[in-house]
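Working notes, beginning with the structure itself.
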Amino acid sequence: AYGNIGVAKIAGDKAALLKDLELALFAGKIAAYAQGFAVMSGASKEFNWSLPMPTIAKIWRAGCIIRSQMLDTMAEAFGSGSASTNLLMARAFIAMMQEAHPSLRRIV
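Quick note: the sequence shown uses our numbering, first residue 179, plus one each step.
Written as structure tokens, this is what we have:
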């Protein structure tokens, strides 16, 4: 379907590239979680559901297919109120994204 697209050889520092890939993936995961929680939070407000975001993060961490360790940090951020508007506004996630942002830009 795509024809002969070829395979590019990796040039340069492979270890640095792998680190960039790891951090870019990490940043993408944070962004995806932030978007998902923002959708749930918006729906909670619109439909008066009063969804407990810290509890949802803890439930997912304990027994969902997701089970990411990052959910502990999310639960803390929501519980402390630092992520009341958006997960990306919580101090812990600001720091994570600041670290990962340069790699994300290089990869994407």
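For every residue, glycine included, the Cβ atom is placed at its ideal position computed from N, Cα and C.
Please read these numbers as outputs of a predicted model, since none were measured by experiment.
Helix, strand or coil at residue i according to DSSP, with G and I counted as helix
i	result
residue 188	coil
residue 251	helix
residue 180	coil
residue 285	helix
residue 208	helix
Rounded straight-line distance, which links the Cα of residue j to that of residue i
i	j	result
residue 134	residue 192	The question about residue 134 has no answer, for the chain in this structure spans 179 to 286.
residue 247	residue 208	12 angstroms
residue 274	residue 222	27 angstroms
residue 237	residue 190	43 angstroms
residue 254	residue 232	7 angstroms
Proximity test, residue i beta-carbon vs the ligand SAH heavy atom, cut-off 8 angstroms
i	result
residue 271	With respect to the ligand SAH, the structure shown offers nothing to examine, as it has no ligands at all.
*Inspect the CB distances between the stretch 253-262 and the stretch 181-189 and report whether three or more fall short of 8 angstroms.*
no
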